[in-house]
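Here the structure comes first, spelled out in structure tokens, and everything after it is commentary.
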Amino acid sequence: MGFERDESGAALLGGVRLAALFDDPSSFGVDGAPLSTPAYVYDLDAIAGEARALREAFGGLPHLVAFAIKANSAGPIVRALAAEGAGADVVSGGELALALACGIPPEDVVYSGVAKQAAELDRAIGAGPRGILSIQAESIEELTRIDERARAAGRRARVSLRINPGVEADTHAYIATGHDEAKFGIPKAEIGLAVERIQSCSNVELVGVSSHIGSQLTTTDAYIQAARMLLTIASSCDVAMTSTGRPALTLVDFGGGFGIDYGQGCDAHPADFARALAVEVRRAGRESCRTLIEPGRSLVGSHGVLCAGVVMQKRAKPNDDERTWLIVDAGMNDLLRPALYHALHRIEPLERAADAGGLPMRVVGPVCESSDDFGTHVLPQPPPRRVVIRDAGAYGFTMASEYNGRALPTEVFLRGGRVDAVIRPRGVDAWVKERLG
Ligand SMILES: Cc1ncc(COP(=O)(O)O)c(C=O)c1O
52 MGFERDESGA ALLGGVRLAA LFDDPSSFGV DGAPLSTPAY VYDLDAIAGE
102 ARALREAFGG LPHLVAFAIK ANSAGPIVRA LAAEGAGADV VSGGELALAL
152 ACGIPPEDVV YSGVAKQAAE LDRAIGAGPR GILSIQAESI EELTRIDERA
202 RAAGRRARVS LRINPGVEAD THAYIATGHD EAKFGIPKAE IGLAVERIQS
252 CSNVELVGVS SHIGSQLTTT DAYIQAARML LTIASSCDVA MTSTGRPALT
302 LVDFGGGFGI DYGQGCDAHP ADFARALAVE VRRAGRESCR TLIEPGRSLV
352 GSHGVLCAGV VMQKRAKPND DERTWLIVDA GMNDLLRPAL YHALHRIEPL
402 ERAADAGGLP MRVVGPVCES SDDFGTHVLP QPPPRRVVIR DAGAYGFTMA
452 SEYNGRALPT EVFLRGGRVD AVIRPRGVDA WVKERLG
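Under the working numbering, the first residue of the sequence shown carries the number 52, and numbering increases by one thereafter.
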């Protein structure tokens, strides 16, 4: 169903009138304090549907959709994806613990990240009967650290080499991760050295190779270029392993990065990536290996919105030009993407105003930073009571902070046209208590 508008022009998510959530939360069975803005609202049915469509696109190829928890770590979302057979891609001990607590088996968890701490490695190695499916080693040095921790635990850790394929992804510099200057992964040129190191590690078993070239990819070209490279590397790792009596690889993890349409278009759909990947995997004769992907944004991004209240409209005429700002109660602490990446999210009235005429205005938040700015949007006059910031389901709440002494936003989870769950973070009073020391 996703985001849509009813015949009166009111914004709907998952079939629910968003304004009604705030005006009449009790009609949705929401107990306790009324729901207030800023609040994230998510459509669990659409998120589950997104995972299902992606899995179907593999056309029977053995695969694992490992949801990148960093995009959205809310329990109701992770559980909804787990129910669709998704695993997890985690980048910290905290995310690992969350994935396991949401019922994702250790067998379906992979762990990336350049700076895994000893305690985090211990958690990954110690999970379940055999540890997690794969710790993605981001450097040759890390292989030795994993080996040491596995020895201390009396276990063999399953490890993949995260390869930096040296591919330029056409995306924002901050989210391009597969090029030569990036801190991520082991450069192609050093794979031989990494394999040699593995041969000397008796508590590490090489089970796969992985890569992730970047996020918000709007075409499949660079992703498939990296995938072909990874498949070739997997074959040479197989030879190196089997020639020394070790098992061949059992997984190839192509990473995430599938883009979504933030209103400026997106040529490739997530299923296009999966279909193209399935062709490459079959062409390379790797059907018997498990194909992994690590999507985050594409599973959740379009199915979450941030609802904000309008505080006031401000007008000023510093010179001949008049400026108009719409000041809302959501800020960069709630949704960092515009400040961090210059991302532009569509901002629209929660209720369509009767008067369709609009005025371009700069939508800004309350945070004391000039970068607390959601860009210029055409909004009705007089301004609406509330606005909806669209496509905020990924890298929204997970990047939120309490900067400026602001409470974290509420999160509301919809399923079947009802409120399924609400997460109310600790609030300002608890923040004050903690800061008092
Ligand atoms: C290793 C890794 N895997 C997966 C992802 C998820 O990417 P996306 O949300 O673009 O699918 C990221 C994002 O930064 C990542 O670093």
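All C-beta atoms in this analysis are idealised placements derived from N, C-alpha and C, irrespective of residue type, glycine included.
Of the candidates 350, 235 and 182, 350 places its Cα closest to the Cα of residue 119. Restricting attention to 324, 329 and 427, the CA atom closest to the CA of residue 409 is found in 427. If the five residues before and after residue 242 are omitted, its C-beta is found closer than 8 Å to the C-beta atoms of 212, 214, 284, 287 and 288, all from its own chain and listed in chain order.
Annotation: residue 78 to residue 71 spans about 8 Å, alpha carbon to alpha carbon. Assigned with DSSP and collapsed to three states, residue 215 falls in strand.
In this structure, the C-beta of residue 348 approaches ligand 1 to less than 6 Å from one of its heavy atoms. Three or more beta-carbon pairs separated by less than 8 Å link the region 320 to 339 to the region 85 to 105, which places the two stretches in contact. Of the residues 452, 441 and 374, the one whose Cα lies closest to the Cα of residue 382 is 452. With a threshold of 6 Å, the Cβ atom of residue 345 counts as near ligand 1, since some heavy atom of the ligand is closer than that.
For residue 364, the enclosing beta strand (DSSP E) starts and ends at 355 to 367. For residue 186, the enclosing beta strand (DSSP E) has its first and last residue at 185 to 188. In the DSSP assignment, residue 263 is bridged to no other residue.
In terms of side-chain proximity, the C-beta atom of residue 263 is found nearer than 6 Å to a non-hydrogen atom of ligand 1. Contact check between the region 111 to 118 and the region 128 to 144: three or more CB pairs, one atom from each, fall below 8 Å, which counts as touching.
Residue burial is scored here from C-beta neighbours: residue 363 has fewer than 16 other C-beta atoms within 10 angstroms and is therefore classed as exposed.
For residue 266, the shortest C-beta to heavy atom distance toward ligand 1 is below 6 Å. CA-to-CA, the gap between residue 305 and residue 174 works out to about 24 Å. Residue burial annotation: residue 340 is buried, with at least 16 other C-beta atoms found within 10 angstroms of its C-beta. Annotation: the region 419 to 455 contains the following complete segments of the beta strand (DSSP E) (minimum length 3 residues), in chain order: 424 to 431 and 437 to 440.
Counting only residues of its own chain and dropping the five nearest sequence neighbours on each side, residue 387 has a CB closer than 6 Å to the CB of 450.
Ranking 168, 249, 67 and 345 by CA distance to the CA of residue 292 puts 249 first.
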